[in-house]
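*Asks:* The structure is given below, and queries will be raised subsequently.
Protein chains: 2
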Amino acid sequence: MDAQPHGPTVHDDGTTTFDLWAPRPRSVAVQVGDTEPVPLEQRAHGWWRARVPARTGDRYGFRLDGGELLPDPASRRQPDGVHGPSALFDVSALAWSPEEARWRSAPLAGAVIYELHIGTFTPGGTFDAATERLDAVAALGVTHLEVMPINAFNGERGWGYDGVFWYAAHESYGGPEGFARFVDACHRRGLGVILDVVYNHLGPSGNVLPRYGPYLTDRYATPWGEALNLDGPGADQVRGFIVGNALHWLESFHVDGLRLDATHALIDTSSTHVLAEMADAVADLATRVQRPLELIAETDRQDPATIRPREAGGLGLDGQWCDDLHHGLHVALTGEREGYYADYTGLPDVARSYSRGFVYDGRYSPGRQRTVGAALGSLSSHRLVTCLQNHDQVGNRPTGDRLTTTVDHGRLRAAVLLLLAAPSTPMLFMGEEHGETNPFLYFSGHPEPELAEAVRRGRREEFADFPGFHGEVPDPQDPTTFAASIVDHGKSREAAGRSWRALWADLLAL
Amino acid sequence: MDAQPHGPTVHDDGTTTFDLWAPRPRSVAVQVGDTEPVPLEQRAHGWWRARVPARTGDRYGFRLDGGELLPDPASRRQPDGVHGPSALFDVSALAWSPEEARWRSAPLAGAVIYELHIGTFTPGGTFDAATERLDAVAALGVTHLEVMPINAFNGERGWGYDGVFWYAAHESYGGPEGFARFVDACHRRGLGVILDVVYNHLGPSGNVLPRYGPYLTDRYATPWGEALNLDGPGADQVRGFIVGNALHWLESFHVDGLRLDATHALIDTSSTHVLAEMADAVADLATRVQRPLELIAETDRQDPATIRPREAGGLGLDGQWCDDLHHGLHVALTGEREGYYADYTGLPDVARSYSRGFVYDGRYSPGRQRTVGAALGSLSSHRLVTCLQNHDQVGNRPTGDRLTTTVDHGRLRAAVLLLLAAPSTPMLFMGEEHGETNPFLYFSGHPEPELAEAVRRGRREEFADFPGFHGEVPDPQDPTTFAASIVDHGKSREAAGRSWRALWADLLAL
Numbered sequence: 112m113d114a115q116p117h118g119p120t121v122h123d124d125g126t127t128t129f130d131l132w133a134p135r136p137r138s139v140a141v142q143v144g145d146t147e148p149v150p151l152e153q154r155a156h157g158w159w160r161a162r163v164p165a166r167t168g169d170r171y172g173f174r175l176d177g178g179e180l181l182p183d184p185a186s187r188r189q190p191d192g193v194h195g196p197s198a199l200f201d202v203s204a205l206a207w208s209p210e211e212a213r214w215r216s217a218p219l220a221g222a223v224i225y226e227l228h229i230g231t232f233t234p235g236g237t238f239d240a241a242t243e244r245l246d247a248v249a250a251l252g253v254t255h256l257e258v259m260p261i262n263a264f265n266g267e268r269g270w271g272y273d274g275v276f277w278y279a280a281h282e283s284y285g286g287p288e289g290f291a292r293f294v295d296a297c298h299r300r301g302l303g304v305i306l307d308v309v310y311n312h313l314g315p316s317g318n319v320l321p322r323y324g325p326y327l328t329d330r331y332a333t334p335w336g337e338a339l340n341l342d343g344p345g346a347d348q349v350r351g352f353i354v355g356n357a358l359h360w361l362e363s364f365h366v367d368g369l370r371l372d373a374t375h376a377l378i379d380t381s382s383t384h385v386l387a388e389m390a391d392a393v394a395d396l397a398t399r400v401q402r403p404l405e406l407i408a409e410t411d412r413q414d415p416a417t418i419r420p421r422e423a424g425g426l427g428l429d430g431q432w433c434d435d436l437h438h439g440l441h442v443a444l445t446g447e448r449e450g451y452y453a454d455y456t457g458l459p460d461v462a463r464s465y466s467r468g469f470v471y472d473g474r475y476s477p478g479r480q481r482t483v484g485a486a487l488g489s490l491s492s493h494r495l496v497t498c499l500q501n502h503d504q505v506g507n508r509p510t511g512d513r514l515t516t517t518v519d520h521g522r523l524r525a526a527v528l529l530l531l532a533a534p535s536t537p538m539l540f541m542g543e544e545h546g547e548t549n550p551f552l553y554f555s556g557h558p559e560p561e562l563a564e565a566v567r568r569g570r571r572e573e574f575a576d577f578p579g580f581h582g583e584v585p586d587p588q589d590p591t592t593f594a595a596s597i598v599d600h601g602k603s604r605e606a607a608g609r610s611w612r613a614l615w616a617d618l619l620a621l
Numbered sequence: 112m113d114a115q116p117h118g119p120t121v122h123d124d125g126t127t128t129f130d131l132w133a134p135r136p137r138s139v140a141v142q143v144g145d146t147e148p149v150p151l152e153q154r155a156h157g158w159w160r161a162r163v164p165a166r167t168g169d170r171y172g173f174r175l176d177g178g179e180l181l182p183d184p185a186s187r188r189q190p191d192g193v194h195g196p197s198a199l200f201d202v203s204a205l206a207w208s209p210e211e212a213r214w215r216s217a218p219l220a221g222a223v224i225y226e227l228h229i230g231t232f233t234p235g236g237t238f239d240a241a242t243e244r245l246d247a248v249a250a251l252g253v254t255h256l257e258v259m260p261i262n263a264f265n266g267e268r269g270w271g272y273d274g275v276f277w278y279a280a281h282e283s284y285g286g287p288e289g290f291a292r293f294v295d296a297c298h299r300r301g302l303g304v305i306l307d308v309v310y311n312h313l314g315p316s317g318n319v320l321p322r323y324g325p326y327l328t329d330r331y332a333t334p335w336g337e338a339l340n341l342d343g344p345g346a347d348q349v350r351g352f353i354v355g356n357a358l359h360w361l362e363s364f365h366v367d368g369l370r371l372d373a374t375h376a377l378i379d380t381s382s383t384h385v386l387a388e389m390a391d392a393v394a395d396l397a398t399r400v401q402r403p404l405e406l407i408a409e410t411d412r413q414d415p416a417t418i419r420p421r422e423a424g425g426l427g428l429d430g431q432w433c434d435d436l437h438h439g440l441h442v443a444l445t446g447e448r449e450g451y452y453a454d455y456t457g458l459p460d461v462a463r464s465y466s467r468g469f470v471y472d473g474r475y476s477p478g479r480q481r482t483v484g485a486a487l488g489s490l491s492s493h494r495l496v497t498c499l500q501n502h503d504q505v506g507n508r509p510t511g512d513r514l515t516t517t518v519d520h521g522r523l524r525a526a527v528l529l530l531l532a533a534p535s536t537p538m539l540f541m542g543e544e545h546g547e548t549n550p551f552l553y554f555s556g557h558p559e560p561e562l563a564e565a566v567r568r569g570r571r572e573e574f575a576d577f578p579g580f581h582g583e584v585p586d587p588q589d590p591t592t593f594a595a596s597i598v599d600h601g602k603s604r605e606a607a608g609r610s611w612r613a614l615w616a617d618l619l620a621l
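Okay, structure coming up:
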């Protein structure tokens, strides 16, 4: 990869150096506020640079070949949304608590992860509002929060996986300052922070990256459109953009780990896979900052190469999501056998998960119509993150219903025990600790009417043939769909909620 | 993969068992000669089977859902060309010489490979005609022949990389019996046979495989169209078709190794890459038949994972082509810096090839505009096959000119010395041993006028911007283009030819 960091560097003297990778245009100018555009100087390999008067908070953008003002691909802030200008933000000026200097997160072996979505974790929907709930989460015995994507995405509401500015913190959550305060607050309560990051595609609105350079390629397809260009011309800089982003959150924002979204969609035929390169770079950073830093892949593959050490020819990631235990438990609890559940029978899968980690470790999958996976071998099962519920397993159901609303609570309690007794690393989904019954629905807030309608239609079509479902799919664009998904922490004070919390806390204390 | 072999099994009792993978149609019938079609019985995973009266030589085909007669994807013979019916061939009835039972090829370390194209190696253009030249090749000190693809392709003339029946031996070369006689003849002269096989795409005419099942996918693109489906639904059987084909040539035809065409175009995200699966299967076969069997990848990657042992996380192939030494020598000899030669400077690349194997082993490639390769490390350089000329390096020049016609012969002799002194495994291209001056041109023999014109146009467009070339590209469809490429072995009796042969033979004797 190319080690030149992407994005602006704010200096103490009232100037900022803009480093931009833009091999496509023949001229580039930066415009700060309403001042005259200043040309950037062309450098090698598609890089441009200029140092101009500009400070934190200043809005800016680039004009390519004299065209319209475009935000910075490595924007740190999009104060007016993804279609507005970028804004400067000096991460080195952040005020951290004295405890931060001594902070180290717990090791992944023995960890308990709590997944949350900033927008619906509290009615406030911000980093600061979430901070007020941290004491209660820490009291459960959780060691790490996993925060769904906070990068800048189109509109105000959304799951965050359609981000278009990977280096920015979503403005309506509180922006980069809010996120830094939140990380600090987590650490002061002994909670590590794993940030969910998406490197496999860009969202459908506000993606300006292809205007600048060959970030994307049509050589490979993803379910969400063009794939990232990890192995074609310009790939060094695209890989640097991705690996640099991982370092950005880990180093500048003190995050303790990253959950890498849908890594199976990162098609990379290079001699060194971009995730292996990331693992190396993060290992170097961990040595430098003297903190453990974790990389956890979301993947639909039961491929031990993901978590096999680099020295043994693997990608060298620290952990991966594995849905096998979830699917086995879900089938045991619900009897559902539709879709990917067709590959599971229930408790036999739970037993196999316990003993072998992967249920599909070189077995024929009727659902995928091919042989799937390979044996975990000597790799420890603690590297597999497993759950009873997560944002996908709940939110990708037509009505976003949680297990509490469909399954006998006695059996559900037994399933919690089976999850926590497993040798894998358990994760719970916000609200699960008090038996939340509010749904977690798919929601979005695209301002463009056509895109909004396309998302609505896509969601309806997704569930048109969903077995056993004949109702109306909630409109993802309707603000009430978002509102219905907000966690009701008040339930934790009711009898049922207290009983659920006691179960989780007692088991986690063991 | 699915271990069920594809294709017919001819029995002694006048019947044949037809095993066909065809998940797409709802009914399948086999028609032998002019007899009534007989329905096949449906089995699991898209397989069909029937045992019917049929013998070696009988023509047959399948009718899917009552449609037209189609050849067998695993056809062993296409006596009337790729658009005609298939024909049965009983490989177990082949007559092998007594020496065959004791035959073992030389190890790759120390080997010298001689690449040839059956159609142009002799004026006869057949296996039997080629056999008459084997004594002279063996006398050079060559240990292995590498035979350009012999699978059934459209038309009579062609390089063979556009094959559509991978299990068949091209009829105009002499068909499967001719090939078996040729292998036997090579072995009797101490020559191992490496067969060039193409698993990354199918030719533009005569490909019936998609009618039967999902052999191809649009998830990935290759320069020649849709990629093989190695990791989607049905991939077990597609992988079985490929690995089974490798075993077919190695086991039934006694071939000693395979040269796997353009392996970089085999995109496979499975836990076990199809080439690793092939390496395992071939290693098992080698143990069973007690002969060394070699797998050599053609790849444009300097990726040591290709030849790293399976135990160390690699694909476990025995060797790979590496063009770095060729490109360095070619630049040193010709001064050409166009196209991919822009990445090379000449003798410094030769020195680097000698010391490190790969010239691009994690270095930035200006031509590819990205960092390429990784260090070979402790892997032996004998696993890299290198050359001064091969079918691609000669034939993919506009006029197919060989170095003898453009380069000072004193310098060319020095280059031969540099090739043979390198720690890699040397390969020469038919005729090079006597300083052949006939070109090796790109030629094809598509009978369809539209396809013929498309190939002509494609070839013209490929060289429209070729620096320093302003002439007419020879028409690949013109029979004289093919005829001009035939090796003139008479030259080996002339003074210049004798001198070239003496150089090669003397150096190889060292």
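One line per chain: the protein sequences are B and W, in this order. Residues in the first sequence are numbered from 112 upward in steps of one, following the working numbering. Residues in the second sequence are numbered from 112 upward in steps of one, following the working numbering. From the three backbone atoms N, C-alpha and C, an ideal C-beta is built for every residue, glycine too.
(1) Could you say which of W:Glu547, W:Val253, W:Asp201 lies nearest to glycine 301 of chain W if we only look at CA atoms?
(2) Between arginine 494 of chain B and the rest of its own chain, which residues show a CB-CB distance below 6 Å, the 5 nearest in sequence each way excluded?
(3) State the DSSP-derived secondary structure class of phenylalanine 173 of chain W, mapped to helix, strand or coil.
(4) On the three-state DSSP scale, how would you describe histidine 581 of chain B?
(5) Just how far apart, CA to CA, sit proline 164 of chain B and threonine 127 of chain B?
(6) Taking C-beta pairs closer than 9 Å, name the residues in chain W that alanine 423 of chain B reaches, listed in chain order.
(7) On a CA-only basis, which of W:Gly177, W:Glu147, W:Arg421, W:Pro184 is nearest alanine 133 of chain W? Give me that one, please.
(8) Is the beta carbon of tyrosine 465 of chain W closer than 8 Å to that of leucine 377 of chain W?
(9) Consult DSSP for histidine 255 of chain W and reduce its assignment to one of helix, strand or coil.
(10) Residues of chain W with CB closer than 8 Å to the CB of isoleucine 224 of chain B, please, in chain order.
(11) Using only alpha-carbon positions, find the residue among W:Leu306, W:Asn318, W:Asp329, W:Glu543 that is nearest to asparagine 61 of chain W.
(12) Does the pairing of the region 591 to 600 of chain W with the region 231 to 243 of chain W give three or more beta-carbon distances under 8 Å?
(13) Less than 8 Å between the beta carbons of threonine 515 of chain W and leucine 552 of chain W, yes or no?
(14) Can you name the start and end residues of the alpha helix (DSSP H) that glutamate 561 of chain W belongs to?
(15) By the DSSP assignment, the alpha helix (DSSP H) with serine 466 of chain W in it spans what residues?
(16) Less than 8 Å between the beta carbons of glycine 303 of chain W and glycine 368 of chain W, yes or no?
(17) How would you label alanine 206 of chain W, buried or exposed, when you count the other beta carbons within 10 angstroms and need 16 or more for buried?
(18) I want to verify the contact list: residues of chain W whose CB lies under 7 Å from the CB of histidine 375 of chain B, in sequence order.
(19) Out of B:Gly439, B:Gly450, B:Phe364, B:Pro315, state which residue places its alpha-carbon closest to the alpha-carbon of glutamate 578 of chain B.
(20) Suppose you measure from the CA of valine 461 of chain B to the CA of threonine 517 of chain B; what does that come to, to the nearest Å?
(21) Apart from the five residues just before and just after glycine 488 of chain B, which ones in its own chain have a Cβ nearer than 8 Å to its Cβ?
(22) How many angstroms separate the CA atom of alanine 545 of chain W from the CA atom of leucine 523 of chain W?
(23) Less than 8 Å between the C-beta atoms of glutamate 226 of chain B and phenylalanine 554 of chain B, yes or no?
(24) Select from W:Gly168, W:Gln189, W:Gly157 the residue whose C-alpha is nearest the C-alpha of leucine 175 of chain W.
(25) Which runs of the beta strand (DSSP E) fall wholly inside the region 312 to 350 of chain B and span at least 3 residues, in chain order?
(26) Taking the beta strand (DSSP E) that phenylalanine 129 of chain W falls in, what are its first and last residues?
(27) Give the residues of chain W in contact with arginine 330 of chain B, contact being defined as C-beta atoms less than 8 Å apart.
(28) What in chain B is Cβ-close to glutamine 413 of chain W, meaning under 9 Å?
(29) Taking only beta carbons into account, state which residues of the region 472 to 486 of chain B come closer than 8 Å to chain W, listed in chain order.
(30) So what's isoleucine 305 of chain W in DSSP terms, helix, strand or just coil?
(31) I'd like to know if glycine 345 of chain W contacts chain B, where contact means its C-beta is closer than 8 Å to some C-beta of that chain.
(32) Quick one: give me the first and last residue of the beta strand (DSSP E) that proline 276 of chain B is part of.
(33) Mind checking glutamate 405 of chain B: buried by the 16 CB within 10 Å criterion, or exposed?
(34) If we count Cβ pairs, one from each stretch, closer than 8 Å, do we get three or more for the region 185 to 197 of chain W versus the region 271 to 286 of chain W?
(35) Looking only at C-alpha atoms, which of B:Val143, B:Pro537, B:Ser216 sits nearest to glycine 195 of chain B?
*Replies:* The structure says:
(1) Closest by alpha carbon: W:Val253.
(2) Closer than 6 Å at Cβ, skipping near neighbours: Ile418, Gly430.
(3) In the three-state reduction of the DSSP assignment, phenylalanine 173 of chain W falls in the strand class, which pools E and B.
(4) Here histidine 581 of chain B sits in coil by DSSP.
(5) CA-CA distance, proline 164 of chain B to threonine 127 of chain B, rounds to 6 Å.
(6) Ala423, Gly424, listed in chain order.
(7) When each option's Cα is compared against that of alanine 133 of chain W, the closest is W:Pro184.
(8) At least 8 Å separates the beta-carbon of leucine 377 of chain W from that of tyrosine 465 of chain W.
(9) Strand, per DSSP.
(10) Contact annotation for isoleucine 224 of chain B against chain W: no contact, minimum CB-CB distance about 25 Å [criterion: below 8 Å].
(11) Look at the range of chain W in this structure, 112 to 621, and you will see that residue 61 of chain W is not part of it.
(12) With contact defined as three or more Cβ pairs closer than 8 Å, the region 591 to 600 of chain W and the region 231 to 243 of chain W are in contact.
(13) 8 Å or more divides the Cβ of threonine 515 of chain W from the Cβ of leucine 552 of chain W.
(14) Residues 560 to 573.
(15) Secondary structure note for serine 466 of chain W: its alpha helix (DSSP H) is the uninterrupted segment 458 to 467.
(16) Contact: yes.
(17) Here alanine 206 of chain W is exposed, its C-beta having fewer than 16 other C-beta atoms within 10 Å.
(18) Going along chain W in sequence order, the residues near histidine 375 of chain B (Cβ under 7 Å) are Thr380.
(19) Correcting the residue identity first, residue 578 of chain B is proline in this sequence and not glutamate. The shortest Cα separation from proline 578 of chain B among B:Gly439, B:Gly450, B:Phe364, B:Pro315 belongs to B:Gly450.
(20) A straight-line Cα-Cα distance of about 20 Å links valine 461 of chain B and threonine 517 of chain B.
(21) The beta carbon of glycine 488 of chain B sits closer than 8 Å to the beta carbons of Pro415 from its chain, once the five residues preceding and following it are set aside; these are given in chain order.
(22) Residue identity differs from the one stated: residue 545 of chain W is histidine in this sequence, not alanine. Cα-Cα distance, rounded: 13 Å.
(23) Not closer than 8 Å, so no.
(24) Closest in C-alpha terms to leucine 175 of chain W, from the list W:Gly168, W:Gln189, W:Gly157, comes W:Gly157.
(25) Whole beta strand (DSSP E) segments, 3+ residues: 327 to 333, 336 to 339.
(26) Per DSSP, phenylalanine 129 of chain W is one residue of the beta strand (DSSP E) stretching across 126 to 132.
(27) Here the neighbours are Tyr331, Ala332.
(28) Residues of chain B passing the Cβ test: Ser382.
(29) Taking 8 Å as the Cβ-Cβ cut-off against chain W, the residues of the region 472 to 486 of chain B that qualify are Gly473, Tyr475, Arg479, Gln480, Arg481, Thr482, Val483, Gly484, Ala485.
(30) Of the three classes helix, strand and coil, the one that applies to isoleucine 305 of chain W here is strand, per DSSP.
(31) Yes, glycine 345 of chain W lies at the interface with chain B (some Cβ there is under 8 Å from its Cβ).
(32) Checking the displayed sequence, the identity of residue 276 of chain B turns out to be phenylalanine instead of proline. For phenylalanine 276 of chain B, the enclosing beta strand (DSSP E) covers residues 274 to 276.
(33) Burial is judged here by how many other beta carbons sit within 10 angstroms of a residue's own beta carbon; glutamate 405 of chain B has at least 16 and is buried.
(34) The region 185 to 197 of chain W makes contact with the region 271 to 286 of chain W; the number of CB pairs closer than 8 Å reaches 3 or more.
(35) Checking every option, the nearest Cα to that of glycine 195 of chain B belongs to B:Val143.
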